[in-house]
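Please read the structure below before turning to the comments.
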Amino acid sequence: MSTQAQPLIDRLFKLKLTITTVESCTAGLLASLLSEHPKAGSLLESGLVTYTPESKMDLLGIHPDIFKEYNLTSEKVAKEMVLGAAKLTRANTVIATTGVLDDTAEPEIPAGTVCFAWLYKRDATQPELFTRTHVFSGSEKERCQQAALYALRLAAELYEQHVT
Numbered sequence: 094m095s096t097q098a099q100p101l102i103d104r105l106f107k108l109k110l111t112i113t114t115v116e117s118c119t120a121g122l123l124a125s126l127l128s129e130h131p132k133a134g135s136l137l138e139s140g141l142v143t144y145t146p147e148s149k150m151d152l153l154g155i156h157p158d159i160f161k162e163y164n165l166t167s168e169k170v171a172k173e174m175v176l177g178a179a180k181l182t183r184a185n186t187v188i189a190t191t192g193v194l195d196d197t198a199e200p201e202i203p204a205g206t207v208c209f210a211w212l213y214k215r216d217a218t219q220p221e222l223f224t225r226t227h228v229f230s231g232s233e234k235e236r237c238q239q240a241a242l243y244a245l246r247l248a249a250e251l252y253e254q255h256v257t
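Residue numbers (the numbering used here): 94 to 257.
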């Protein structure tokens, strides 16, 4: 397990979160990191990789107009991803990533730009939903690793600050 991920995953485990990931640019890295925890079965419920717009539409029910209006790399798409995945899972936490990690990004979106969403289900009340955008530096692989660690760190921080 990544030595950087271990304390973050331990923290999520102590918070008793059950997690579903829905990933685009991180392509399953979040789920992979979570699965390496010794008690992964009580932490990770499921992981979806929805890399293409078509998979986001087919699996998560995102309307095609969202991509035209907001672009794939947007907090709106990340939000729609967690909302779609939340309908498919019993997990109490859903984490989404969408972005551009390579250097072939669109001119208006810098390479390393990743949009995130975190959704926390709370009993009978409305879920808590948060979004963020962050630009990571380094190689494509380093950006991916940084994005995954950021998603895990913020999953715990947002929960502790706003949900508990």
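Positions of the beta carbon are idealized from the N, C-alpha and C atoms, including for glycine.
Exposed or buried, what is Tyr144 when buried is set at 16 or more other beta-carbons lying within 10 Å of its beta-carbon? Counting the other Cβ atoms within 10 Å of the Cβ of Tyr144 gives fewer than 16, which makes it exposed.
Bridge partners - Leu137, DSSP secondary structure assignment: Answer is Ile112, bridged to Leu137.
So what does DSSP say about Cys118, is it helix, strand or coil? In the structure shown, the three-state DSSP call for Cys118 is coil.
For Thr182, which residues of its own chain have a beta-carbon under 7 angstroms away from its beta-carbon, when the five flanking residues on both sides are left out? The answer, listed in chain order, is Thr113, Glu138 and Ser139.
At 3 residues or longer, and completely inside the segment 216-242: list those beta strand (DSSP E) runs for me, N to C. Listed in chain order, the beta strand (DSSP E) elements of length 3 or more contained wholly in the segment 216-242 are 218-228.
Taking 8 angstroms as the cut-off, does the segment 160-168 touch the segment 125-137 (at least 3 CB pairs, one atom from each stretch)? The answer is no - the segment 160-168 does not touch the segment 125-137, with fewer than three Cβ pairs under 8 angstroms.
Let's test the definition: count the other Cβ atoms within 10 Å of the Cβ of Glu201 and tell me whether it reaches 16, buried, or not, exposed. Glu201 comes out exposed.
Lys214 by DSSP, collapsed to three states: which one? Looking at Lys214 - three-state DSSP - the assignment turns out to be strand.
Pop quiz: Gly154 and Gly177 are said to be a contact at Cβ under 8 angstroms. What is the actual Cβ separation, rounded to whole angstroms? About 5 angstroms separates the beta carbons of Gly154 and Gly177, which is inside the 8 angstroms limit, making them a contact pair.
Between the segment 225-234 and the segment 203-214, can you find at least three pairs of beta-carbon atoms closer than 8 angstroms? Enough Cβ pairs lie closer than 8 angstroms, so yes.
Taking C-beta to C-beta, are Leu101 and Thr186 nearer than 8 angstroms? Their beta carbons are not under 8 angstroms apart, which means Leu101 does not touch Thr186 by this criterion.
Which residues in the same chain have their Cβ closer than 7 angstroms to the Cβ of Phe229, if we skip the five residues on either side of it in sequence? These residues qualify, in order along the chain: Gly205, Val207, Arg236, Gln239 and Ala240.
As assigned by DSSP and simplified to three states, the class of Ala204: Here Ala204 sits in coil by DSSP.
Assigned secondary structure, Met94 (DSSP; H/G/I helix, E/B strand, else coil): For Met94, the pLDDT reaches just 49, beneath the cut-off of 50, and the residue's location in the model is therefore unreliable, although a value from the coordinates is still provided. If DSSP states are grouped into helix, strand and coil, Met94 belongs with coil.
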